[in-house]
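Report on the structure given below.
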Amino acid sequence: MFQPKSKSFLLKVAFTVIVSYWLWRCWILTQSRGDLEILTRSIHRLWAGESFYRLSDHAEHTKPPGLTWLLQPLALLPSWTSKIVWDLLSWGSLIVLAKNWLGLSLFSWTGLLGWLLAAGPWWAEMRLGQFNMFLAAVTLYLPVWESRAPSPFRSRVLGAGALFCVLLKPTQILLWPFMFSRVAREGGLRQTLIGAIILGVIVAVGYGAQLGWSDFFVHHQQWLQFLPQSEAKHLLRPDNLGISTQQVRWLLPDGINWVPKIVLLFGLVLACWSTHGAPSLSRRVFLNSVLISIVCSPMAWRQNFSPLMLCLSWEAVMHGHKYPYWRRLAFWLSILGFELLATDLLGVVWSEWFARVGGPLALALSAWALMPVQTQVRPQTSG
0 MFQPKSKSFL
10 LKVAFTVIVS
20 YWLWRCWILT
30 QSRGDLEILT
40 RSIHRLWAGE
50 SFYRLSDHAE
60 HTKPPGLTWL
70 LQPLALLPSW
80 TSKIVWDLLS
90 WGSLIVLAKN
100 WLGLSLFSWT
110 GLLGWLLAAG
120 PWWAEMRLGQ
130 FNMFLAAVTL
140 YLPVWESRAP
150 SPFRSRVLGA
160 GALFCVLLKP
170 TQILLWPFMF
180 SRVAREGGLR
190 QTLIGAIILG
200 VIVAVGYGAQ
210 LGWSDFFVHH
220 QQWLQFLPQS
230 EAKHLLRPDN
240 LGISTQQVRW
250 LLPDGINWVP
260 KIVLLFGLVL
270 ACWSTHGAPS
280 LSRRVFLNSV
290 LISIVCSPMA
300 WRQNFSPLML
310 CLSWEAVMHG
320 HKYPYWRRLA
330 FWLSILGFEL
340 LATDLLGVVW
350 SEWFARVGGP
360 LALALSAWAL
370 MPVQTQVRPQ
380 TSG
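Numbering (numbering that gives the first Met the number 0), first residue to last: 0 to 382.
As structure tokens, then:
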């Protein structure tokens, strides 16, 4: 009878099986990559001199024109190559999150990785090739990387990375208080701002040089005019789980144009307030910021919750024993409820009803409230 030499061997086998399964699901059964296709389509329209903000698209492009210019290399690659790059970013982001959150080597957490990949919103996140996990990994990794060996260069990279995240998803500005929490208190904020300005100047000058300054201003004007229209189109979708949607749906039906803006401003105030008195780069502040950036967004799909639920699950595995039994039980019921009830297991009608009454949002908020954390993401060391 075959006897594995070690537990490590079994974990490596499990990891290989899991990755093989997901490659099969992603590359054989599922060919599309929604976010990637939206971005590359907008790039081709940019090259053709066409408007890339079209409300008639099922999933329209809503990002700033500067991002379209910045990601042009993606459209220069063959489609299968860009897909590989995109998927590597998704999977790599999952590993970066685990490494910086858990501080463990690759194969020591493969069992946990397999369990997390088996169900829940992160399953759809990886299958659909969205960039929520990528954004979470960048917003966690960059400030931690900068804190290990603070320098003007690292501070500038942090600033450029923070601006890139906002270009990719404007509501990521709600994570800036976390990202800048160390440099704001201990020095380096000036260099961080310089890094953001440098990237902004590169994008502006490059855009103007390639397409002309008139197009630069016209395209940004079109973007600002288009955002409210796209927002109104998606705000009342049955799978939109954000606070703005619930307010407009049930309390303020006439506030479809101003409620999302008020909620975003409120979210920014909350994100800044959550850093007050907390240790720099604390898990609590990161989770608070991620939660706020999701629930205060005018477009909060189920997959947007994947980084939050992922990190909450890891936190429960690492430190759940410190909390009373009833609290742990309630936490896992909230997690599992979000995973199962917010999916299509109930059927389309019941799933839409459950989302419409705020079920997934309530479960996500409950899981967040039941798993408080105070420690730093990782100890800050030099070198």
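Glycine included, every Cβ here is placed at the ideal spot set by N, Cα and C.
- A straight-line Cα-Cα distance of about 25 Å links His275 and Gly319.
- Look at Ser365 here: in three-state DSSP terms it is helix.
- Nearest to Pro142 by C-alpha distance, out of Gln129, Met132, Leu127 and Gly158, is Gly158.
- For Ser292, the three-state secondary structure derived from DSSP is helix.
- Scanning the segment 125-212 from its first residue to its last, no whole beta strand (DSSP E) run of 3-plus residues comes out.
- Taking a cut-off of 8 Å on C-beta distances, the segment 193-204 does not touch the segment 281-289, as fewer than three cross pairs fall below it.
- Contact check between the segment 63-83 and the segment 36-52: three or more CB pairs, one atom from each, fall below 8 Å, which counts as touching.
- Between Val258 and Val247, the gap from beta carbon to beta carbon is short of 8 Å.
- Bounds of the alpha helix (DSSP H) holding Val258 are Val258 to Ser273.
- Per DSSP, the continuous alpha helix (DSSP H) segment holding Glu338 begins and ends at Tyr324 to Leu340.
- Between Glu124 and Ser305, the gap from beta carbon to beta carbon is short of 8 Å.
- Contact between the segment 234-245 and the segment 146-165 is absent: fewer than 3 CB-CB pairs across the two stretches fall below 8 Å.
- Cβ-Cβ separation between Val372 and Arg282: approximately 4 Å, consistent with a contact (criterion under 8 Å).
- Check the Cα spacing between Arg184 and each of Arg53, Val348, Pro297 and Ala277: the tightest is with Ala277.
- Across the set Gly211, Leu311, Gln129 and Ala299, the C-alpha of Ala299 shows the shortest separation from the C-alpha of Leu234.
- In the three-state DSSP reduction, Ser81 falls in the helix class (H, G or I).
- By the Cβ criterion, the segment 345-363 is not in contact with the segment 313-330, since fewer than three pairs of Cβ atoms, one from each stretch, lie closer than 8 Å.
- Annotation for Ile172: Val165 place their beta carbon closer than 6 Å to its own, counting only its chain and skipping 5 residues before and after.
- Close CB contacts of Arg327 within its chain, under the 6 Å cut and outside five residues either way in sequence, are with Gly319 (chain order).
- For Ser243, the uninterrupted alpha helix (DSSP H) run begins and ends at Ile242 to Gln245, by DSSP.
- In this model, Phe177 and Pro63 are separated by some 23 Å (Cα to Cα).
- The beta carbon of Trp313 is closer than 7 Å to those of Trp100 and Leu101 in its chain, skipping five residues each way along the sequence.
- The residue from Arg153, Gln221, Gln224 and Trp222 with its alpha-carbon nearest to that of Arg189 is Arg153.
- CA-to-CA, the gap between Phe225 and Ile201 works out to about 24 Å.
- For Val284 and Gly48, the gap between their C-alpha atoms comes out near 43 Å.
- In this structure Ser292 is in contact with Leu174, their Cβ atoms being roughly 6 Å apart against a cut-off of 8 Å.
- Counting only unbroken stretches of 4 or more residues, the alpha helix (DSSP H) elements lying wholly within the segment 28-99 are 33-46, 64-69 and 71-75, in sequence order.
- Rounded to the nearest whole angstrom, the CA to CA distance from Leu307 to Ile255 is 27 Å.
- In the structure shown, Leu311 adopts helical secondary structure according to DSSP, grouped into three states.
- Pairing Val16 with Leu88, the inter-Cα distance amounts to about 20 Å.
- In the three-state DSSP reduction, Leu251 falls in the coil class, being neither helix nor strand.
- Around the beta carbon of Ser350, 16 or more other beta carbons sit within 10 angstroms, so the residue counts as buried.
- Going by DSSP, Trp349 is part of the alpha helix (DSSP H) stretching over Val347 to Arg355.
- The three-state secondary structure of Trp23, taken from DSSP, is helix.
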